[in-house]
Amino acid sequence: MHHSSYTIVTINTVPVTEYYHRLLEICIVHIKNNIEVGRFNSLINPQRPLGKDVLEHTGLTNDILRFEPVFCEVADEILYYLKNTVVVTFSDFAYKVLRSEFKKIGYQLSVPTSCVSILLNKNFPNLPNSLKLISEHFEICKGDLKRCDVMAEIMVEIIQRLNLAILDSNSSVNPYNKKDRIDISRLERKPGVYYFKNSSGVVIYVGKAVRIKDRVKSHFNSNLQREQIICSETTEINHVYTGSNLIAELSESDEIMQYHPKYNIAQKKHTSPFIVVSKINKKGYMQMSIVRKDYPDSINEVFYNRKSVAKKLIELCEEYELCPKFSGFHKALGKCKHDNFLDCPSACIGEEPPETYNLRVKAALKSLECNQNSFAIKLRGRTKDEMGFVLVRDGVYLGFGYVELNEQIVSLHDFESFIVHKTHSYHTTRIIDSFIQKPLNKSKIIYLDRVEF
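Using the working numbering, you'd call the opening residue of the sequence shown number 5 and step up by one each time.
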């Protein structure tokens with residue numbers, strides 16, 4: 005054994021939000037020379053009612069907790085056991101919660117720490133990352149794993165049976181400082197996408213950055229509990245340099261949709277856009293309406309929200325002299341009247357025949373299709389000898405790619421031969437639209453249906 009004294013800490017918590025927990029129960033077992041020399045075990049009043057899932061998991065009740073001490077009443081006793089020793093938890097989530105509780109009462113907890121799951125992963129890389137499954141694997145039976153004292157006793161036996169090396173209390177290396185055990189020195193300050201993986205190799209978070217190294221550092225230096233939880237589960241970081249922030253954004257969106265990392269919030273759901281569609285009513289008139297529709301079925305321009313598509317539809321009604329009622333803006337009987345329109349062509353009351361009216365509706369819908377451009381966006385490459393680009397054909401994002409600067413690119417077809425095909429989505433459309441709307445980026449856009457080069 006590489007240690008003579010350490011303190012096991014196990015906890016139960018009540019989640020307040022997805023990333024914020026309050027202490028519910030704590031067990032502290034102080035081990036010296038393989039002998040238990042002290043123990044502290046207490047329920048903690050979290051000062052909030054427990055949810056049904058927590059009640060079922062712990063077997064506790066709100067009535068029981070009402071008479072238990074709040075954290076500040078037992079903080080001194082807890083601190084007594086944590087001083088001058090190595091604090092050992094199963095995962096660093098427990099230490100994060102404990103440190104957060106001390107911070108609430110004005111104390112900055114800073115003690116040497118070690119993590120059983122990390123030590124096990126180094127010695128037994130194929131073991132599951134679960135105390136319950138690990139105890140079953142090594143046939144350690146102590147009782148109800150829902151309670152902290154049982155969890156603590158299992159951890160003591162695991163450490164002693166497997167002769168795990170706990171850091172000495174004077175060690176300067178802290179396993180909770182992930183920068184000490186995850187090599188980020190190889191990362192560069194370049195645009196790209198990075199992937200946080202857990203001990204099972206599962207991607208738990210995908211991010212993009214203009215400077216990957218700085219962004220990854222900011223995760224591990226953050227005091228936000230959400231960031232600390234993400235980093236506590238991260239055992240490996242992969243990355244891909246993209247040369248530009250735009251390709252990094254598009255790649256991030258695609259990877260989030262592919263991996264569905266549990267700690268990414270945005271862009272995980274498919275968001276269908278709004279479009280303008282038409283149908284023939286019982287009287288033979290074409291009526292336009294606003295609907296959500298998937299991209300593979302889209303036949304005209306798409307919009308991010310109902311307000312923007314309604315604005316476009318009003319413009320079409322004015323330009324092509326269309327009926328507000330047959331465009332979804334008026335529902336009253338008789339000739340329609342709407343504040344946004346000067347007059348109605350009277351198709352809604354049958355004064356104009358459907359044959360002539362429908363011609364204008366078709367022209368309006370055709371104008372939406374004709375508004376779709378094909379273009380490439382020229383971007384910085386991953387090296388000084390290449391150019392990156394994003395390709396859009398007829399308003400649909402095809403993907404991105406890289407080409408050597410000495411290559412002759414003279415058409416849309418030439419660009420297509422170099423792209424990595426990606427999926428067109430609401431999110432990619434939003435990202436590209438935001439980019440091309442910025443005045444400084446206008447010079448980077450090549451409209452392929454207008455210019456041959």
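Every residue, glycine too, gets a C-beta built ideally from N, C-alpha and C.
- Collapsing the DSSP output to three states places residue 265 in coil.
- In this structure the region 289-298 touches the region 271-281; the number of beta carbon pairs closer than 8 angstroms is three or more.
- Contact check between the region 239-252 and the region 260-279: fewer than three CB pairs, one atom from each, fall below 8 angstroms, which does not count as touching.
- Here the region 34-42 does not lie against the region 57-66, with fewer than 3 beta-carbon pairs under 8 angstroms apart.
- Here residue 411 is exposed. Its C-beta has fewer than 16 other C-beta atoms within 10 Å.
- When C-alpha distances from residue 266 are compared across 248, 246 and 233, the shortest belongs to 233.
- Secondary-structure assignment with DSSP links residue 240 through a beta bridge to 201.
- Setting aside the 5 residues that flank it on each side, residue 397 is surrounded in the same chain by 378 and 416, each with a C-beta closer than 7 angstroms to its C-beta; the list follows chain order.
- Sequence-distant partners of residue 217 (beyond 5 residues in either direction) whose C-beta falls short of 7 angstroms from its own C-beta, in its chain, are 188, 191, 192 and 193.
- If you check the CB distance, residue 90 and residue 11 come in under 8 angstroms.
- For residue 405, the pairing in a beta bridge is given by DSSP as 393 and 423.
- In its chain, beyond the 5 residues on either side, 327, 329, 330, 339 and 340 have a beta carbon closer than 7 angstroms to the beta carbon of residue 352.
- Going by C-alpha positions, residue 425 is about 37 angstroms away from residue 364.
- Around the beta carbon of residue 77, a 10 Å sphere encloses fewer than 16 other beta carbons of the protein chains shown; the residue is thus reported as exposed.
- Cβ-Cβ separation between residue 383 and residue 392: approximately 4 angstroms, consistent with a contact (criterion under 8 angstroms).
- Contact annotation: residue 390 and residue 414 have beta-carbon atoms that are not nearer than 8 angstroms.
- Across the set 121, 9, 442 and 99, the C-alpha of 9 shows the shortest separation from the C-alpha of residue 88.
- CA-to-CA, the gap between residue 143 and residue 149 works out to about 13 angstroms.
- With respect to residue 449, residue 381 sits close: the two C-beta atoms are nearer than 8 angstroms.
- Nearest Cα to residue 273 within the set 20, 102, 96 and 431: 431.
- Residue 119 counts as buried, since at least 16 other C-beta atoms from the protein chains shown sit within 10 angstroms of its C-beta.
- Taking the Cα positions, residue 16 is about 7 angstroms away from residue 30.
- By the neighbour-count definition (other C-beta atoms within 10 Å, threshold 16), residue 316 is a buried residue.
- Scanning 34, 132 and 110 for the CA closest to the CA of residue 86 turns up 34.
- The beta carbon of residue 81 sits closer than 7 angstroms to those of 44, all from its chain and outside the five residues before and after it, given in chain order.
- For residue 10, the three-state secondary structure derived from DSSP is strand.
- Residue 18 sits away from residue 70, with the two beta carbons spaced by 8 angstroms or more.
- For residue 76, the secondary structure class from DSSP, reduced to helix, strand or coil, is helix.
- Note on the region 128-167: whole alpha helix (DSSP H) runs with a minimum of 4 residues are 135-141 and 152-166, in chain order.
- DSSP lists 392 as the bridge partner or partners of residue 383.
- Take residue 99, set aside five residues on each side of it, and the residues of its chain with a beta-carbon closer than 7 angstroms to its own are 91, 93, 117 and 180, in chain order.
- Excluding sequence positions up to five before and after residue 153, its CB lies within less than 7 angstroms of the CB of 31 and 45, all in the same chain and listed in chain order.
- Following the DSSP letters along the chain, one finds residue 213 inside the beta strand (DSSP E) bounded by residues 207-213.
- In the DSSP annotation of this structure, the continuous segment of the alpha helix (DSSP H) that includes residue 431 starts and ends at 430-440.
- Taking every protein chain shown into account, the CB of residue 128 has fewer than 16 other CB atoms within 10 angstroms, so this residue is exposed.
- Residue pairing by DSSP places residue 119 opposite 93 in a beta bridge.
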